[in-house]
Amino acid sequence: MPRACGGLRGHRAWGLRFKRLLDVALSIGLLAVFALPMVLVALAIRLTMGPPVLFRQRRPGKDRKEFTLLKFRTMTDARDANGRPLPDSQRLTPLGRLLRKTSLDELPQLINVLRGEMSLVGPRPLLSRYLPYYTARESLRFSVPPGITGWAQIHGRNALGWDDRLALDAWYVENWSLGLDLRILAKTVLCLFRRRGVVVDTSSQELPDLDHQRRAFREQSRHVPNPAG
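Residue 1024 in the working numbering is what sits at position 120 of the sequence shown, and the numbering runs on without skipping anything.
Written out as structure tokens, the structure is:
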């Protein structure tokens, strides 16, 4: 049975310190290993799409404090005649498709980990506009640093609906341990090799935005007749 412990309060401080040390050590090692591929990817992006090489976006992290998430850029800035961005599926480049397929677009987030803004393992940092739509339990995600990979990512990643994905993130926080982190890291490697749960073409991802989905649900609930009335 899952042991609900209200976040990480019941865990020993040495475990959290070791988690941070593990983040730093592994991030430095991975950056060293992938330094040349990252340089080549950056050059390829510059040549095929022009600057900027990195996609930057503000996301809420631990305690809802915003930070700048880093990714390799995978889409152009192409717009229609009215100046509006074209659909993601039309802006995704062949190189971007490859980067997403191999998850190489996520490598710059190792810098976020070194800065202490993220962890290797934790709930994925989602959009800031989703903040008003989390339940109390789902908000447990903000008691830990967001991660490059997480419990939800090894259980379906983008194939999951929002309720399932957020519930898995909350379960991770409630049941955190170093052993769980190591298990997630190991399974992440397997998922990457199997390319399971990776969304390459965003037009194939039918999951609506969380804020749109829950706002629609609230509106629908508001208009449901009260049987007692």
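Every residue gets a Cβ at the ideal spot worked out from N, C-alpha and C, and that includes glycine. These numbers were taken from a predicted model, which means no experiment stands behind them.
Reference residue i, options the options, closest by Cα
i, options, result
"leucine 1096", "Leu1002, Val1048, Leu1084, Tyr1034", "Leu1002"
"leucine 1114", "Leu974, Thr997, Asp1068", "Asp1068"
"lysine 966", "Trp1075, Ser1023, Arg1041", "Ser1023"
"glycine 1054", "Phe971, Leu926, Gly1026, Leu999", "Gly1026"
"threonine 952", "Gly919, Thr980, Lys1091, Trp1066", "Thr980"
"phenylalanine 938", "Leu973, Pro1049, Asp1009, Gly1051", "Asp1009"
"arginine 1019", "Leu920, Ala982, Val928, His1116", "Val928"
Rounded straight-line distance, which links the Cα of residue j to that of residue i
i, j, result
"arginine 956", "arginine 924", "Contrary to the premise, residue 956 reads as proline rather than arginine in this sequence. One C-alpha to the other measures close to 30 Å."
"arginine 1118", "alanine 1040", "15 Å"
"glycine 910", "serine 931", "Below a pLDDT of 50, predicted positions are generally treated as unreliable, and glycine 910, at 47, falls in that range; no measurement from the model is reported."
"methionine 905", "asparagine 1079", "Residue confidence for methionine 905 is low, a pLDDT of 38 falling below 50, so the modelled location carries little weight and cannot support an answer."
"alanine 985", "tyrosine 1037", "34 Å"
"phenylalanine 1046", "leucine 1070", "12 Å"
"glycine 1051", "proline 1029", "7 Å"
"glycine 919", "valine 1048", "13 Å"
"leucine 940", "threonine 1006", "16 Å"
"serine 1032", "isoleucine 1058", "23 Å"
"arginine 921", "leucine 1082", "11 Å"
"tyrosine 1076", "glutamate 1042", "11 Å"
"lysine 969", "glutamate 1021", "9 Å"
"proline 991", "alanine 982", "9 Å"
Range of the contiguous alpha helix (DSSP H) that encloses residue i
i, result
"proline 941", "939–953"
"leucine 1084", "1082–1098"
Endpoints, beta strand (DSSP E) assigned at residue i
i, result
"threonine 972", "970–976"
"proline 964", "958–964"
CB-CB length for residue i against residue j, believed under 8 Å
i, j, result
"leucine 973", "asparagine 1016", "7 Å"
"phenylalanine 976", "arginine 963", "Not quite, the Cβ-Cβ distance comes to about 16 Å (not below 8 Å), so this is no contact."
"glycine 954", "threonine 978", "In fact, because the Cβ distance is near 14 Å, the residues do not count as touching under 8 Å."
Query raised in the report: Can you list the beta strand (DSSP E) stretches of 3 or more residues lying completely in the region 994–1073, in chain order?
Result: 1023–1025, 1051–1053
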